[in-house]
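Novice: Numbering (the numbering used here), first residue to last: 37 to 329.
Below: one structure in structure tokens.
Written as structure tokens, this is what we have:
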């Protein structure tokens, strides 16, 4: 029986125009797949229907085709597979590792400010955001049901402590063929606890990035996850969810970021770095490939 070919994917959100950073990630995935005689998939991450728009999706297809990339059809759209994320969330609920939370960003900020004013050092995640206080973790089932039925906005959060405890003494790690922020490569020890009780779903959004990305990668048979270095630390959460949900572990390759003049990673709101803007200015696909290195 022949070996299964490796599977790569590029998964943008249609909430703006693609920029040079997206071009780098898409080209890397496409070219690495071709070099390995593998498959290259395009996935549209459009769960956030308030920001995702059809014209941005059409622009994604146009930009990638102009860059000379080809991908398999049909394209997977997250908005068409909400039942898969609901099923994964239900499984985590059966494991007893999620809980509903109702604290707003303002309430979290106030709680952190009060704690720090009292001399407490509040823990923050790798992105710099304060960890969730977790006031609702130990609520009885009746009070949890009241939270979700009361009409107030809520989110389902991962009880990180319980989730890690469920794995026992097993150490989480991943195989890294790229480079982390400190040039880490090889076998990387995961540290999901650094993220605290991450959001997995909200009452106004059926799945978070963390949950949907691991479900999608598994269902699409993704073997190689090639993405920007800004998602390096998030891999710890993804590995934890993969273990909890009995999903396969892909190989990871985190690549360098293309930074703007201010030294920050590019944003879709910065039109000067948009692929479409370069095309309109008469630049060629070959020049864009040279520009992204």
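Virtual Cβ for every residue (Gly too), placed ideally from N, Cα, C.
Please read all numbers here as calculations on a predicted model, not as lab measurements.
Relative to the C-alpha of residue 176, which residue among 212, 48 and 135 is closest?
Specialist: Of the candidates 212, 48 and 135, the one whose C-alpha sits nearest the C-alpha of residue 176 is 135.
Novice: Counting only the same chain and skipping the five closest in sequence on each side, list residues whose C-beta sits under 8 Å from that of residue 107.
Specialist: Here the set comprises 46, 66, 76, 77, 78 and 100.
Novice: Can you list, in chain order, the residues of its chain whose CB lies under 7 Å from that of residue 268, leaving out five sequence neighbours each side?
Specialist: The answer, listed in chain order, is 216, 217 and 290.
Novice: At which residue ranges does the stretch 45 to 106 contain complete beta strand (DSSP E) runs of 3 or more residues, listed in the order of the chain?
Specialist: You should have 75 to 80.
Novice: Since residue 241 and residue 103 should fall inside the 8 Å C-beta cutoff, what is the C-beta to C-beta distance between them, to a whole number of angstroms?
Specialist: At roughly 30 Å, the Cβ-Cβ gap does not stay under 8 Å, so residue 241 and residue 103 are not in contact.
Novice: Quick one: residues in its chain with C-beta nearer than 7 Å to the C-beta of residue 292, no 5 flanking neighbours on either side, listed in chain order?
Specialist: Contacts found: 265.
Novice: Under 7 Å Cβ to Cβ from residue 132, same chain only, skipping five residues before and after it: list those, please.
Specialist: If we look at residue 132 and ignore the five residues flanking it on each side, its Cβ neighbours are 198.
Novice: Would you mind giving the Cβ-Cβ distance between residue 41 and residue 82, rounded to the nearest angstrom? I have them listed as a contact below 8 Å.
Specialist: Rounded, the Cβ-Cβ distance is 27 Å, inconsistent with contact.
Novice: Measuring CB to CB, does residue 260 end up less than 8 Å from residue 68?
Specialist: The answer is yes: Cβ separation under 8 Å.
Novice: List in chain order: all unbroken alpha helix (DSSP H) runs of 4+ residues lying wholly within the stretch 207 to 236.
Specialist: For the stretch 207 to 236, not a single whole alpha helix (DSSP H) run of length 4 or above is found.
Novice: For chain B, check one thing: does any of its Cβ atoms lie closer than 8 Å to the Cβ of residue 45?
Specialist: Included in the structure is just one protein chain, with no chain B present.
Novice: Please specify which runs of the alpha helix (DSSP H), each continuous and at least 4 residues long, are wholly inside the stretch 267 to 298, giving them in chain order.
Specialist: 271 to 280, all fully within the stretch 267 to 298.
Novice: Which two residues bound the contiguous alpha helix (DSSP H) that contains residue 141?
Specialist: Element bounds for residue 141: 141 to 153.
Novice: Does residue 325 come out as helix, strand or coil in the three-state DSSP assignment?
Specialist: Here residue 325 sits in helix by DSSP.
Novice: For residue 247, name the three-state secondary structure that DSSP assigns.
Specialist: Note: residue 247 maps to helix in three-state DSSP.
Novice: Just how far apart, CA to CA, sit residue 58 and residue 105?
Specialist: Cα to Cα, the separation comes out at about 13 Å.
Novice: Throw me the rounded Cβ distance for the residue 236 and residue 120 pair, which I believe falls under 8 Å.
Specialist: About 13 Å; that fails the 8 Å criterion.
Novice: Would you mind giving the Cβ-Cβ distance between residue 165 and residue 227, rounded to the nearest angstrom? I have them listed as a contact below 8 Å.
Specialist: Not really, about 16 Å apart at Cβ, beyond 8 Å.
Novice: Given residue 37, which residues of its chain have a CB within under 8 Å of its CB, disregarding the five upstream and five downstream residues?
Specialist: Any reading at residue 37 must be qualified, since the residue scores a pLDDT of 42, below 50, and its modelled position is unreliable; the value itself is stated next. Around residue 37: no qualifying Cβ.
Novice: Reducing DSSP to helix, strand and coil, say where residue 189 ends up.
Specialist: Correct three-state label for residue 189: coil.
Novice: Leaving out five residues on either side along the sequence, give the residues of the same chain with a beta carbon under 8 Å from the beta carbon of residue 188.
Specialist: Cβ within range, chain order: 138.
Novice: Taking the beta carbon of residue 309 as the centre, do at least 16 other beta carbons fall within 10 Å, making it buried, or is it exposed?
Specialist: Label assigned to residue 309: buried.
Novice: Could you tell me the alpha carbon to alpha carbon distance between residue 212 and residue 182, rounded to whole angstroms?
Specialist: Roughly 43 Å between the two C-alpha positions.
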